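Please read the structure below before turning to the comments.
Number of protein chains: 4
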Amino acid sequence: MVIVMQAGATEAQVEGVIGTIKGFGFQAHPIHGVNLTVIAVVGDKTQEHLEAFQLLEGVDHVARIDKPYKLAARRPEIVGTTVIEVGPAIFGGSRLTVIAGPCAVESEEGLREVARGVAAAGGAMLRGGAYKPRTSPYTFQGMREAGLALLKMASQRTGLPFVTEVMDTRMVDLVARYADMLQIGARNMQNFPLLSEVGQTGKPVLLKRGLSSTIEDLLMAAEYIMSTGNEKIVLCERGIRTFETATRNTLDLSAVPALKRFSHLPVVVDPSHGTGHSWMVPAMAKAAVAAGADGLMVEVHQAPERAVSDGPQSLTIAEFQALMEALQPIAKAVGRSICP
Amino acid sequence: MVIVMQAGATEAQVEGVIGTIKGFGFQAHPIHGVNLTVIAVVGDKTQEHLEAFQLLEGVDHVARIDKPYKLAARRPEIVGTTVIEVGPAIFGGSRLTVIAGPCAVESEEGLREVARGVAAAGGAMLRGGAYKPRTSPYTFQGMREAGLALLKMASQRTGLPFVTEVMDTRMVDLVARYADMLQIGARNMQNFPLLSEVGQTGKPVLLKRGLSSTIEDLLMAAEYIMSTGNEKIVLCERGIRTFETATRNTLDLSAVPALKRFSHLPVVVDPSHGTGHSWMVPAMAKAAVAAGADGLMVEVHQAPERAVSDGPQSLTIAEFQALMEALQPIAKAVGRSICP
Amino acid sequence: MVIVMQAGATEAQVEGVIGTIKGFGFQAHPIHGVNLTVIAVVGDKTQEHLEAFQLLEGVDHVARIDKPYKLAARRPEIVGTTVIEVGPAIFGGSRLTVIAGPCAVESEEGLREVARGVAAAGGAMLRGGAYKPRTSPYTFQGMREAGLALLKMASQRTGLPFVTEVMDTRMVDLVARYADMLQIGARNMQNFPLLSEVGQTGKPVLLKRGLSSTIEDLLMAAEYIMSTGNEKIVLCERGIRTFETATRNTLDLSAVPALKRFSHLPVVVDPSHGTGHSWMVPAMAKAAVAAGADGLMVEVHQAPERAVSDGPQSLTIAEFQALMEALQPIAKAVGRSICP
Amino acid sequence: MVIVMQAGATEAQVEGVIGTIKGFGFQAHPIHGVNLTVIAVVGDKTQEHLEAFQLLEGVDHVARIDKPYKLAARRPEIVGTTVIEVGPAIFGGSRLTVIAGPCAVESEEGLREVARGVAAAGGAMLRGGAYKPRTSPYTFQGMREAGLALLKMASQRTGLPFVTEVMDTRMVDLVARYADMLQIGARNMQNFPLLSEVGQTGKPVLLKRGLSSTIEDLLMAAEYIMSTGNEKIVLCERGIRTFETATRNTLDLSAVPALKRFSHLPVVVDPSHGTGHSWMVPAMAKAAVAAGADGLMVEVHQAPERAVSDGPQSLTIAEFQALMEALQPIAKAVGRSICP
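Protein chains in written order, with the numbering used here: chain A, 9 to 348; chain B, 9 to 348; chain C, 9 to 348; chain D, 9 to 348.
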């Protein structure tokens, strides 16, 4: 924490701030510059609290220096990326791990067809929504527990573990009984009770970046889960909200190298939500792999034009197969394999 | 819904789209323009589903025409603004309704002092957090039920009803037993299970706009609550996320006239979260009233520089009193009163 | 400038950075915190250059501390707001100064009608575009010099000085021969040769904030003009680009108190471009005055539905007159007058 | 253009709008839906003008349907990507074209060293700024004509053509006498007189996307240049402004597939400005190639920690060589070659 005094701050104001800092039990190191005086605050502290120092007389602003996350940060004892295992699916190793499946579970037949296609194409994991966060209360809200049962069945048939979203603290136990990995959706990235509850299941968690969340916000959300003792977290970049309207969201692929530098957690990319258009998915999936992502999450539907949700951004099974083939040389070029 | 064909779309492609539209049970009205053909789709439909028509051959894009919210929309039977009563506090009438109080309940003495100050200055309602959505798991998370009890006590002493945030579906009943109005925080604006649960209590709801939510998103969140039969909703503009770093958020005051035009629900503005700096609060509070807001929500603390959260944006009790006086002529200028 | 070392930085890395700092002729003050070491750099320096220190071994990042603008900043010798006079129109005094007129000059009759209406309603200055920055090369680009001549004529008839945009360094002399004040449009806020050229005319300048410009960017653009010796600058908030689509731009009224705190230059608000909808203009104009703006710039057209540009956001003459009346009590409430 | 009537619009209002449409010489096709009436407008028209129809009584809003650009759009007569030749450098063919060089020309020796390194590593073109758009008037503004001469010399020595930015209409002729390709910088993307002037030189143009420009805005800027008869345009994605602060800008790689679909012009990506950090450049350069970019523009400096500008985002010559090698298998994976 560095407290920056106003250009014309008096010596008395500087002394006042130093006194307040010491009153809180911290050390104060004033440095008199050419134009400004700054005061470095040293101590083991809750920085957020100290931000109120901006209210002290003569203070211009308070600059935070430390990163607020610790467990999610790069730590000396962890070399490279932490490996998260979800049954046979492994995130953070040399293999590229592709999660695929429909936006929502709609029917047994449809899910079975997609699951078979995903497995055959080399997907490592199945996805599908049983509880759907829909912006309209008048649209399909998911098959709920019946959807979970269908996912379990499809998972057992194909040998692919599955991830599904949980939106409500009251549902965490139920969903955790079925799913191999719990997804925190973008709209719940800062639903703190849900983060804690999901963390406490001990299950691996797929944590999606919020629509207006910075990379630091995402790591703080991971920190919430990790503070429950559960460090099995896979981060997911899925696009942020910007002024651009040609895409549903703006996929921020620079989050991949940034997260790799700031954190030891594996990172996957969701080019389906990240773009909103199936015709963009292959280009952005390839880009994500080239940028160093540990995996992908892709929406696949047996008949996208009839999907009850996210049709415009869902690949057909054939398109998904073609994508998996196209990804192979890219994966190899960055030192990864992709075959199951 | 209007389907816009690509510039070079063939007659066969147009026929194909028309056939698909009819197959779904809708009417199709093609219009051949100079450069393009568009097809208007008529029927009582779930528009979201039809967006997948962008995948049909020859289609350029699908333009939504209808507004997706109905109960929250301006309706012929409702003239002006719906009046929401929270005990003696009234939103949507000729009186400007000011909610004030600390970010978080920290102690009995502090809360009592603030509540007294708010009441004396003409505030109509008390606010205070008992469960706090903190971005760090290592910071103060609220006094929980003890905080609710203190709020109740302060409310009874001053005669001011109180609003407090609920973040977890499991806590809704408990919080509803204490509070006069339930707040949905910005980070939970699209926490759909919470919206439903809060709606079902029948209590008045203060619904804050999400950090990256459009005005339409906000009205869709209101629609979620209203679809439970509870129409007692007050909308709250509290700033959106933009590239600007001089403010914590960018307070979008144009949301006030926009919401007034698109909806019949009352609108309040939170200049504290909307700016993040107490020195900006008076200017933006005055601006909000001039823009036509039905009320304000302002953070007030007995000693902001010692507040455990939101200190930089909290007014002192004296600053709040001065603000209330300064608001009087502005309120009067737009045909409102403010005295209790 | 504060250099923040990485969490695990070695003593040798710290020494290396200190050596480099000294090699550039600055002083280095290392402070060893609980988790991190930071090094404060003292000296009269070009901060931008020093940002490359983030490349040195062991450095996490470089935090800028100083404000990069000097002339545009609050300065001890200037109390309150600098007053800028444009003939009889005065910005920064106790009177609220309203600039109004059409987006583009279209015809002699139309301009005359609007100018008369603006003067009669108490407007202090006329606006109108002769050279128009249009996003399409196929639309009306302005009447050019003929438009300037019409503005001059309307100005002489009404006694209102006028402001008009200049977009091209080659046109600055010509436009300056006619206009009382030169406007730098939002899209040219970082057209640095134009800023210099306009500054050198010595004419008062209306500087509009760019669509994606921070408040600091705006003040740096002002600094460019001021570094030519011309300090007659009026800043104009006109909306920034965000994800919201209900408005053409998001009018950032918090820029008013922010600019008032960081700078001594007067500030006006353009609610027409700031919203894009004439039905929003009155609410936002009132809000701007309540927030402390020194003036407004409003688009007015004799027949908005037939305007060649910006029709949707233009007020009729009658609407402008009604707005001016509605502004009077708001202006008075914040200690301003508005009558001519 | 589709005019959407308000939910409760009367038949008289619909008739009024139809009358106005016909009065402007267009055809009107009303379609009566379940909830709404829409009126499609047919005719060869300036759409922008018609947006003022939102002011007519009973109208809710006006939805634009046509794309406003024509020459920059995908056209039936152009298959694939238009190939732009800049001497031996070719954009839009099977070879990936890499432009590299320093942010600013600083000295003969430095430029010579970088140019040699770029050529040796397989770069196809040299870049370097002689006129720099600096946000501060107090920092290095470029070597001006002397810088152009140095670029010319380095170009002749290495055989690499060069691109350099022109910021001022008055400088276009001078810069065009030296440079092989003219760059329009991000801050000038909507400097319309400059677009016209540069277009008229007939020289190839590198057009960078503005910080807050949509993909449509970028194509409209290209349209401006193309309307002068000069179709030799290479588009450049270089990051947009968002709320994220971990990067200087948010590199929007989805612009690559979007521009490829909407336009026939070649697209390059600038990962240096797009991220602001040299450690991110390799990941994003690889991602850009995987996404289908026709080339890259990369900042390279002989000693980035001593660069007068953009040091933090500049690669060393050795880092550039390593990047070029790493790009080879990615290029090959998407059917491109990269060797010179």
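For every residue, glycine included, the Cβ atom is placed at its ideal position computed from N, Cα and C. Every value quoted in this text rests on a predicted model; they were computed, and no experiment measured them.
Would you say Pro265/A reaches chain C, if we count a Cβ-Cβ gap shorter than 7 Å as a contact? The Cβ of Pro265/A sits no closer than 7 Å to any Cβ of chain C.
Taking only beta-carbon atoms, is Gly300/D less than 7 Å away from chain A? It does: the Cβ of Gly300/D has a partner Cβ on chain A nearer than 7 Å.
Take every Cβ of the segment 12-25 of chain B, pair it with every Cβ of the segment 68-75 of chain B, and state whether three or more of those distances are shorter than 8 Å. Yes: at least three Cβ pairs fall under 8 Å.
Measuring only between beta-carbons, confirm whether Met175/C sits less than 7 Å from chain D. Closer than 7 Å: yes.
Tell me which residues share the same chain as His285/A and place their Cβ nearer than 8 Å to its Cβ, disregarding the 5 neighbours each side in the sequence. Once the five neighbours on either side are set aside, the close Cβ partners of His285/A are Thr255, Arg256, Pro320, Gln321.
Touching or not, the segment 236-246 of chain B and the segment 276-285 of chain C, by the rule of three or more beta carbon pairs under 8 Å? These segments do not touch.
Is it buried or exposed, Arg185/B, if we count other Cβ atoms within 10 angstroms and call 16 or more buried? So Arg185/B counts as exposed.
Terminal residues of the continuous alpha helix (DSSP H) containing Ala154/D? First-last of the alpha helix (DSSP H) with Ala154/D: 153-166.
Among Phe61/C, Gly237/C, Gly125/C, Gly31/C, which has the Cα closest to the Cα of His354/C? Residue 354/C is absent from the structure shown; chain C starts at 9 and stops at 348.
Would the segment 149-169 of chain C count as touching the segment 81-90 of chain C if we require 3 or more Cβ pairs under 8 Å? They do not touch, by the three-pair rule.
First and last residue of the beta strand (DSSP E) that includes Arg135/D? Arg135/D -> beta strand (DSSP E) spans 133-135.
Pick from Ala330/A, Ala97/A, Arg152/A: whose alpha carbon is nearest that of Pro290/A? A check of alpha carbon separations from Pro290/A across Ala330/A, Ala97/A, Arg152/A identifies Ala330/A as the nearest.
Taking just the CA atoms, how far does Val174/C sit from Ala108/B? Ala108/B and Val174/C: Cα-Cα distance of roughly 47 Å.
What are the residues of the segment 224-256 of chain C that lie near chain A, defined by any Cβ-Cβ distance shorter than 8 Å? So the close ones are Arg249, Thr250, Phe251, Thr253.
Could you spell out the range, first to last residue, of the alpha helix (DSSP H) harbouring Ile29/B? Counting along the chain, the alpha helix (DSSP H) containing Ile29/B begins and ends at 19-31.
Thr172/A, enclosing beta strand (DSSP E) - first and last residue: It spans 170-173 - the beta strand (DSSP E) in which Thr172/A sits, taken as one unbroken run.
Taking only three categories from DSSP, how would you classify Asp68/B? Annotated three-state conformation of Asp68/B is strand, per DSSP.
Is Pro212/A helix, strand or coil when you go by DSSP? Pro212/A: coil per DSSP, three-state reduction.
Helix, strand or coil for Gln2/D per DSSP? Residue 2/D cannot be examined here, being either before or after the span of chain D that is shown, 9 to 348.
Please name the residue or residues paired with Ala97/D in a DSSP beta bridge. By DSSP's assignment, Ala97/D forms a beta bridge with Val94/D.
Where the beta strand (DSSP E) containing Val49/A begins and where it ends: Looking at the DSSP string, the run of the beta strand (DSSP E) that includes Val49/A is 45-50.
By the criterion of Cβ-Cβ separation under 9 Å, what are the contact partners of Ile346/B in chain C? By Cβ distance, chain C contributes nothing, its closest Cβ being about 12 Å from Ile346/B, past 9 Å.
Would Gly100/A and Val106/A be called neighbours here (beta carbons separated by less than 7 Å)? Contact flag unset, no.
Considering Cα atoms alone, identify which of Asn43/A, Phe32/A, Ala187/A, Ser345/A is closest to Glu59/A. Comparing alpha-carbon positions, the option among Asn43/A, Phe32/A, Ala187/A, Ser345/A lying closest to Glu59/A turns out to be Phe32/A.
Would Ser262/C be called buried (16 or more neighbouring beta carbons within 10 Å of its own) or exposed? Counting the other Cβ atoms within 10 Å of the Cβ of Ser262/C gives 16 or more, which makes it buried.
Using a Cβ-Cβ cutoff of 8 Å, what residues of the segment 315-332 of chain B are near chain A? List them in chain order. From the segment 315-332 of chain B, only Ala315, Val316, Ser317, Gly319, Pro320 have a Cβ closer than 8 Å to chain A.
Against chain B, does Arg152/A count as a neighbour if the rule is that its beta carbon must be under 7 Å from one of theirs? Not one chain B Cβ lies under 7 Å of Arg152/A.
Beta-carbon separation of Ile233/C and Leu259/C under 7 Å? Taking C-beta atoms as the reference points, Ile233/C and Leu259/C fail to come closer than 7 Å.
Tell me which residue opens and which closes the beta strand (DSSP E) that Glu359/C is part of. Any question about residue 359/C goes unanswered here, given that chain C covers just 9 to 348.
Going by C-alpha to C-alpha distance, which of Asp181/C, Glu327/C, Ala341/C, Gln336/C sits closest to Glu333/B? For Glu333/B, the closest C-alpha among the options Asp181/C, Glu327/C, Ala341/C, Gln336/C is that of Ala341/C.
Are any of the Cβ atoms in chain C nearer than 7 Å to that of Thr89/D? For Thr89/D, the answer is no, since every Cβ of chain C falls outside 7 Å of its Cβ.
Is Ala129/D closer than 7 Å to Phe328/D when the C-beta atoms are compared? Contact flag set, yes.
Would you kindly report the start and end of the unbroken alpha helix (DSSP H) that includes Ile241/A? Judged by DSSP secondary structure, Ile241/A falls outside any alpha helix (DSSP H) and instead within the beta strand (DSSP E) spanning 241-245.
Can you name the residues that DSSP bridges to Val275/C? Partner(s): Leu243/C.
Could you tell me the distance, in whole angstroms, from the CA atom of Glu231/A to the CA atom of Ala132/A? When rounded, the distance between both Cα atoms is 26 Å.
Assuming Phe148/B contacts Val316/B under a Cβ cut-off of 8 Å, what Cβ separation, rounded to an integer in Å, is found between them? With a Cβ gap of about 5 Å, Phe148/B and Val316/B count as contacting.
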